[in-house]
Each structure stands twice: as C-alpha cells, then as structure tokens.
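With my numbering, letter number 352 in the first sequence gets 366, and the count goes up by one each step, no holes.
All C-beta atoms in this analysis are idealised placements derived from N, C-alpha and C, irrespective of residue type, glycine included.
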Amino acid sequence: MLDNRGGTFYKAYTRCCINFITLRLKRNCMRFSRMYLPTLKEEPAEAEVISHRLMLRAGMVRRLAAGIYSYLPMGLMALRNVEAIIRQEMNRAGAQELLLPAVQPAELWQESGRWDFYGKELLRITDRHQRNFCFGPTHEEVITDLVRHEVRSYRQLPLNLYQIQTKFRDEIRPRFGLMRGREFIMKDAYSFDVDDAAAGISYQGMREAYSRIFSLCGLDFRAVEADSGAIGGSFSHEFVVLAESGEDAVASCQACAYAANVEKAEGRFAAADKCAADAAAPAAAAVATPDRESVESVAAFFKVDPGAILKSMIFESDRGFCLVVVPGDREVNEIKVKAALGAEWLEIPAPSRIADELGLPVGYLGPVDTVLPLLVDRQVPELEAVVCGANRHGFHLQGVIWGRDFSCNKVADLVQVRAGDRCPRCGGLLQIDRGIEVGHIFKLGTKYSEKLKATFLDQEGQERPLVMGCYGIGVGRTVAAAIEQHYDENGICFPYAIAPFKVALLNLDLKSAEVTAACEALYAELEGRGIAVLYDDRNERPGVKFKDADLIGAPLRLTLGRKSFERGIIEARLRDGSSNAELPLADRAPLWSLLAELAADDSRIPS
RNA sequence: CGGGAUGUGGCUCAGCCCGGUAGAGCACUGCGUUCGGGACGCAGGGGUCGGAGGUUCAAAUCCUCUCAUCCCGACCA
C-alpha cells in the first residue's frame, strides 16, 4: 500500500490532508449558530471593571474560582492573537521559544534563596513522597538551571529564551477579572550575556521589541522607569497601558521624555538658599492640642499650611523600628523608605503595638528627643520653625528648627511625587496618569547566576557568572487592557490586530433564500481570504444580532437584509462608528480594500 | 491577614426586620404571532434557599459555627 503512490488510497489520503489543512485555515471563521459563544444580556454582579464585565458578557471568559478563569473560544482567540504578535516580535528580536515546566522542585528555590523569601504568594505543593514543589510564579530558577548545564563558553552567548505559559501567584486579593488573577498566562523571556554592556544591549533590544508588541496590539502605552520589586535586579522599565481603571500611577514629564512609576519617580528638589538655624529664634514650645491627631486638624489648630507640619510615622522592618519624617502635605513612599533603610521588608505596625511596645502615642509623634532611629525626607531640613508631635499624648511642639531641635544624618527622598512636581531631568511639570502594567523588563545582573552557579569561560579563560535579564508580558492582562482602552456603551471595540473576529456578518433575513445565498457566498469568500469572520446565521431578530455584534467588538460589521439586498448593497459599518458605508453587492473590490485599510491602519508602528 | 458586605432556579434580584404556600424578570422547551437595534401571547420544565448545628409545633427568615464570593488597605505580569 505504501508503494501505491498513484493509487486511490494515496489520492484519498492527499485529499484528506488538504481538507485538514483547509479546516485549520478556517478555524477562525464560525457560524454564530454553531459557536460556543454565550453572551450575556445582563450585567454580571461579580464584575466591577469594564474589561471584566465585557469579557464575561461577550462570552470570552468564565470564573472557576477566585482569580482563576476559563477562556472560552472567543477569549482564547483574542489571547492567541496577542501571543502571535509576541512570538513574531520576540523571534524578530532574536529570542527563541521554549517551554519550561509549570511545577518546580523546592530545591531550586532553596538554592536561589527565594523558597523562604518569596512568601505566601508561592503556591507550594507536596507530592506523594512528601517532596516539596511549587507551581511556578516565574521561572528564573528553572531557566538558570537549564542554561548552567549547557552554556560553558562566551561563544554560546548572547542567548535569549522565552516561553508563553501559565503561572500561578497566590495573590492576597485577586480582583478585576483577568487584570489580577492568580492563575494567568505570561510571556517570560530571559537573556544571558557575557557582561553588563552586552546585557544592556539585550535589554535595549527587548525594550524595542516590547514597544513594537504593544503598538501592534493597538495600545496607548508608556515605557516607564520602575521599581524592580521581588524579582530583584538593578534596573527596570514597566510598560503601562493608560487607563482610568489602572492600579498603577505613572508620573510623566510634560516637557521631556521622563516617565516613571510613582513608586520610583523623583521630583526635582531645588535646594533652596537655606538660612542657617537662627540662634535667636524662640525655643520650641509644647502646646496642648487635644484630639488633634491628623495633619489637617493640627494645621487648622495652628493656622498654618500642612506643609509646615512634620508628619512622623513609625515603620517596622527587618532593621527594627524607625521614625520616618516628611513634610505634612506629603505622602510617604514606602518603596523609597524600604530602599533608604536597605530593608528586606517593611510595614506599618498597628497603633496598639506602637503604644504597647514603644510607649508612644500615634497622632502625637515627632522627631525631637525621640528614642527611635530617624529617617528624614530631604525636604525637611529646608523647612523652618515647624510644628511636630511632642511624643506626648495631646501635645505638639511649635517652632521646631532643624539642626537645633533635632537632626539626623539619614536624609533621603522619601515622598510620593504628585502632579505639579518638577521633573528631575528637565524641571518641567510632572503629570500623573493611571495605567495598567502589561509588561516589565528587568536587568537582573548576576543575582541568579551567582546563586545557582551559572558560569561560563570568557575569552581569557576566566570563569564568570552569566549576566541576566528577564522580561515579562501579561498576555491575558494585555487583552483586558486593550478592552479597557477600547470600548463604548454597547460593548468592546477591539483593535483590529487582536480582534477575535475581524468581521461580523449579519444575515437579517434567514427566510429569504436570496439573502441567505448572498450571505453564504460572502462568508465563503471571506473565509477563503483567511479573514476571521463570525457569520450570524441564527434565527433571531435583527436587534439581537446588532447587540451581539456590538458586544463582541468585531471591527467591521457587514449587514445584509431584504431591503439592502433589493437595493444591491451591503451595509459596512465600522465598530468604532467612524464610518458607515454602503458597498455594492455585485463588486467585492471596495470591501477588500476597506479590509486592507483596516488591517494596515492598525499595524502602524510608531518609530 | 485586618475592615465592610453578600450567598435564594442557568443569570439579575425580591422575600428575611415581623418565622407558617419559595417568588419576579431574563434565559430554557413547545405552539402561534412578530421580524433593521436585546419582541409578544399561551402552555411548560427547572430551586436540598451556600453548608452544619441549634431554637421552635413550624426556619429562606431567629441564634451559633463553617465555607465561598465580592468590595476597601499591604503584593505583582
């Protein structure tokens, strides 16, 4: 039979293969009547952010447990589209795809030191032999382990490996649907280089690839400087999609290119011409201020600006207790405090603990004659004759002067920037926007390669640790972010590139053989051109079809009913409402050029 | 983990205060009418009221415990 190349078996087999391939090509075309696409007319009660609501209503996802979601066909299609863009751009940038295990042995995490450090977010699992494993929240350990066994020489570098895979982080509070799930799909890439300079080139390459990826996804985003958090490392950028519902806040300069997460952002601080403490100034005096525990109420009491009050807060870290002092009109930035202390963890102890263990009254804390180590914001020494708590219940000190009444050699930038602060680069005005972090790139350095002994021999035969970088993209979050940025009161308005269906074809008159035949013909042609189309052939009233078409957000809606058929036209309406044209039924050319325009318009990459 | 709330047909919710027959709308099935922006009529199917315990002649309703989910704060793609 194997030799029967020209025979009937072979022909049948060939036809079978061709059918299979054709079916594969058509996988993104569907009849609505056959598709598992459970749309919801009513608002699901559990969802509060737009993307979550719309993804539930549009039949893209369903919740299985807190922070754990099933992707239905529509949702998966959107996800695959984002993945395709990611793959294309990662491969273009020279990265290679692989797939690492989701479940990882505890030993590796103990070796890197993160088994204890990562905390409760690490979902730990025990197998039948009582061996410890975890469900991977990230893959630095695994990739480093893989590479250390294979990479021996500088000749094998640079190397950039990535995967698209399910992660699990046991978030304290999962919320917002796919925006902060516990189980989520992430593209993570890891680069390995010979030295810091080469690692910088890898980092830059990823930065460019990320910009292309998010541009291709049709997103309005910013690449901003960021804190590197638990992953560690020296340098990092976040890619933030601007959206009202975002959990992150980004400070950006209105005059130059500076942009940073507010956790990281610095305001320029002009060291004013500070006059030395005036010895003649009256001594600080204690004033009874009963029930004045907030900065606002104290400011009102003394009839001064909140900026002339010192806000004093006790923090506890692995370095012990510490009193942090900032101007009263400022918020403390805990990330900066943590960095200034060089602490591993940081928290605000409960007022009861402060009272019991330190004997101090919250609401009346101050830096004068305190027993606690001080940490002072750099703006504090510039203030004169300020008010602060007297460390005595019901009393504040007035006329307190830096350098005379208290001082401290630990002075640092500790406050959160706010709109109107000055840019640290150019002095321009900073503005604050909310956004969703969809990508994050880190320069890791040798943190993991040293711990896991991933080394190579350089040109001089010296053994050196690999210099690493790591680069993540939340794939599901990117889909959600795209929806947050592209919707209206009727539903999703997908950017063309990630739209599960590019075209929604509505047959408004199933009973008419001619209309149906025209729709079927058009459907087949769109299919033949590889355009993802959802053909609404359901026996439903027109209103239902319009509502569903709007909800699922196909960029182009083609409508054919009896009236339009008799006039020889198809109605072509863009989902974003920007155009509503009548195309001739007899001539397809205008339709093809419209579709080509849509596709091209959306794939622009800003230089 | 702290603070707040909610669990009642598939979905959205009423009923709970003041204990006594489990309800509405949507969805689903059948028939008929309708048919360019989520139609209408008639007839149906579907619920151990999150779970356990208690009080009571009697519990969706009151009490205790428990589980789950959601919202506000500390983590992160």
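Own chain, CB closer than 6 angstroms to residue i, minus 5 neighbours either side, in chain order
i	result
A494	S65, L192 and M193
P320	V309, A313, G342 and D343
E464	P479
A518	L548, A563, A568 and R571
L113	Q177
Alpha-carbon spacing of residue i relative to residue j, whole angstroms
i	j	result
C507	T492	15 angstroms
K516	E135	39 angstroms
A532	S526	10 angstroms
R101	E111	8 angstroms
A237	P514	27 angstroms
N630	L374	Residue 630 lies beyond the range of the chain shown here (15 to 621); nothing can be said about it.
R587	P598	14 angstroms
S621	V208	Here the model assigns S621 a pLDDT of 43, short of 50, so the residue's position is not dependable, and the following value carries that caveat. Their Cα atoms are separated by approximately 30 angstroms.
D502	V254	21 angstroms
Y217	E280	23 angstroms
D615	E97	20 angstroms
L608	L93	25 angstroms
L605	V264	41 angstroms
S250	V385	37 angstroms
E451	A496	12 angstroms
D130	R145	16 angstroms
A433	V276	10 angstroms
V558	T573	13 angstroms
D551	L90	22 angstroms
A610	I512	15 angstroms
S13	K201	The structure shown has nothing for residue 13, since the chain only spans 15 to 621.
Q177	I157	10 angstroms
M482	A274	23 angstroms
E239	R436	16 angstroms
L160	Y168	16 angstroms
Simplified DSSP assignment, three categories, for residue i
i	result
M91	helix
V382	coil
F508	coil
M327	strand
A300	strand
S607	helix
Y501	strand
H407	coil
S311	helix
D562	helix
D141	coil
K350	helix
L68	helix
K525	coil
C440	coil
G449	strand
F587	According to the sequence provided, residue 587 is Arg. The question's Phe does not apply to it. Reduced to three states, the DSSP call for R587 is strand.
Y83	strand
E361	strand
S216	helix
R491	helix
H163	helix
G459	strand
R576	helix
P320	helix
R282	coil
Identified DSSP bridge partners for residue i
i	result
F206	L173 and M482
V549	According to the sequence provided, residue 549 is Tyr. The question's Val does not apply to it. DSSP, once it has assigned bridges, lists R45 and L519 as partnering Y549.
A426	D391
C402	L411
L192	According to DSSP, L192 bridges with nothing at all.
F182	E197
I100	Note: I100 sits in no beta bridge, so no partner.
P151	For P151, which the question treats as bridged, DSSP gives no partner whatsoever.
Cβ shell of residue i (< 7 angstroms), same chain only, five flanking positions each side left out
i	result
D287	At D287, the pLDDT of 48 sits below 50, so the modelled position is not reliable; the number obtained from the coordinates is stated separately. Result list for D287: empty, nothing under 7 angstroms.
A357	S331, D332 and R333
C148	Q118, A120, W123, L136, L137, R138 and I139
E185	G81, E135, R194 and R196
Cβ shell of residue i (< 8 angstroms), same chain only, five flanking positions each side left out
i	result
Q393	F283, V340, P341, R344 and V429
L565	T53, L68, R71, A72, N504, G505 and I506
L360	F329, E330, S331, E348, V351 and K352
A369	P375 and V376
Secondary structure, beta strand (DSSP E): runs of 3+ residues fully inside the region 220-269: 235-239, 249-256 and 262-267
4 or more residues per run - each alpha helix (DSSP H) lying fully within the region 107-137: 120-126 and 128-131
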